[in-house]
Amino acid sequence: MIRSIKRMMGSDRQEDANENLLEKIKKASLPKHVAIITDGNGRWAKKRGLPRTAGHAAGMKRVREIIRCADQLGIKVLTFYSFSTENWKRPKDEVEYLMKLPIEFLETDLNELIERNVKVQMLGEKSKTPSHTQKALAEFEEKTKNNSGLILNFAINYGSRDEILHAVHRIINDVKNGHIDKEQVTEELMGQYLLTRGLPDPDLVIRTSGEIRISNFLLWQIAYSELWFTDVLWPDFSSEYFYRAIEDFQHRSRRFGAV
Numbered sequence: 480m481i482r483s484i485k486r487m488m489g490s491d492r493q494e495d496a497n498e499n500l501l502e503k504i505k506k507a508s509l510p511k512h513v514a515i516i517t518d519g520n521g522r523w524a525k526k527r528g529l530p531r532t533a534g535h536a537a538g539m540k541r542v543r544e545i546i547r548c549a550d551q552l553g554i555k556v557l558t559f560y561s562f563s564t565e566n567w568k569r570p571k572d573e574v575e576y577l578m579k580l581p582i583e584f585l586e587t588d589l590n591e592l593i594e595r596n597v598k599v600q601m602l603g604e605k606s607k608t609p610s611h612t613q614k615a616l617a618e619f620e621e622k623t624k625n626n627s628g629l630i631l632n633f634a635i636n637y638g639s640r641d642e643i644l645h646a647v648h649r650i651i652n653d654v655k656n657g658h659i660d661k662e663q664v665t666e667e668l669m670g671q672y673l674l675t676r677g678l679p680d681p682d683l684v685i686r687t688s689g690e691i692r693i694s695n696f697l698l699w700q701i702a703y704s705e706l707w708f709t710d711v712l713w714p715d716f717s718s719e720y721f722y723r724a725i726e727d728f729q730h731r732s733r734r735f736g737a738v
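480 is the number of the first residue of the sequence shown in our numbering; add one for each residue after it.
The structure is reproduced here in structure tokens:
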């Protein structure tokens, strides 16, 4: 009984601390675009003697939580690196489970996202995902396309090198066909050929699980992003850590190459 009361008191104190931190970061400049590499689901499951798929299920709960946090803060764009072009090398049953997650997410979360005015988009090569995955993603995009709130990107079957190569090929074709002159090829034009066209570049990139690398994620777009790494595994990445990352971002000086 005493332990239970102590746990409740500790939970209340933590909730108060989170509320104070939330109010604090609301008063400062917020990142317009936050991108997250959601790493550590498999290790989280292994530590508990569970199958890797259990880690991905737990990770989806954090995705929901962080979407709500970002929406509450008024962040404009939130991007999750959900499945890379290299992730096809993982065990077949794990890949099949990951490809079914968008269907589950569609069934459980679509109505809430619509109510929150969230616009869902996919970054990646859709045609190489299973038909049931494509169908779920297409329904997400179609039913939220007119929403004007938080833009929620899921990078699925995404690899930044592939994205850049495809952009270069399209630019070459447009130059050959006379649609643009080669002198018109600038950084700004390049951005229009990327999957993130029309969106601001990420201000803040978060990576969980203790890995300190980018892993072929938005390489062009994050040239001047602030990077925030944590040892926390993604299924344990609560709103508190999200707020801490933003608070840290707010204390950094972004000079973009200037003095």
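Ideal placement from N, C-alpha and C gives every residue a C-beta, glycine not left out.
Secondary structure note for histidine 512: its beta strand (DSSP E) is the uninterrupted segment 512 to 516. Assignment of beta strand (DSSP E) within the segment 613 to 659, counting only whole runs of 3 or more residues, yields 630 to 637 in chain order. A direct Cα-Cα distance of roughly 11 Å separates arginine 731 from alanine 724. Membership of leucine 557 in the beta strand (DSSP E) is indicated by the continuous run 556 to 563.
Of the candidates Pro510, His512 and Arg531, the residue whose Cα lies closest to the Cα of asparagine 520 is Arg531. Bounds of any alpha helix (DSSP H) do not take in tryptophan 707; it lies within the beta strand (DSSP E) bounded by 705 to 708. The alpha-carbon separation between arginine 692 and glutamine 551 amounts to approximately 29 Å.
Taking isoleucine 685 as reference, the option from Ser704, Gln700 and Thr675 with the minimal CA-CA separation is Ser704.
Tryptophan 523 and leucine 712 have their alpha carbons spaced roughly 6 Å apart. Distances from the alpha-carbon of leucine 697 to those of Glu591, Lys503, Asn497 and Ser563 put Ser563 closest. Rounded to the nearest whole angstrom, the C-alpha separation of leucine 529 and histidine 535 is 11 Å. Linking asparagine 625 to phenylalanine 721 through their CA atoms gives a straight-line distance of about 28 Å. Relative to the Cα of threonine 608, the nearest Cα in the group Val599, Lys598 and Glu575 belongs to Glu575.
Residue Val513 holds the alpha-carbon nearest to the alpha-carbon of isoleucine 546 among Asp641, Val513, Lys525 and Glu573. If you draw a straight line from the Cα of alanine 646 to the Cα of asparagine 499, it is about 44 Å long.
Look at isoleucine 582 here: in three-state DSSP terms it is helix.
The C-beta distance from tryptophan 707 to isoleucine 643 rounds to 24 Å, too long to meet the 8 Å contact threshold. When DSSP reads this structure, valine 599 sits in a beta bridge with Leu631.
Around the beta-carbon of lysine 598, 16 or more other beta-carbon atoms lie within 10 Å, marking it buried.
In the structure shown, isoleucine 685 falls within a strand segment according to DSSP collapsed to helix, strand and coil. For arginine 734 and isoleucine 504, the gap between their C-alpha atoms comes out near 21 Å.
Between glycine 657 and asparagine 695, the beta carbon gap of about 33 Å keeps them out of contact (Cβ cut-off 8 Å). Annotated three-state conformation of isoleucine 691 is coil, per DSSP.
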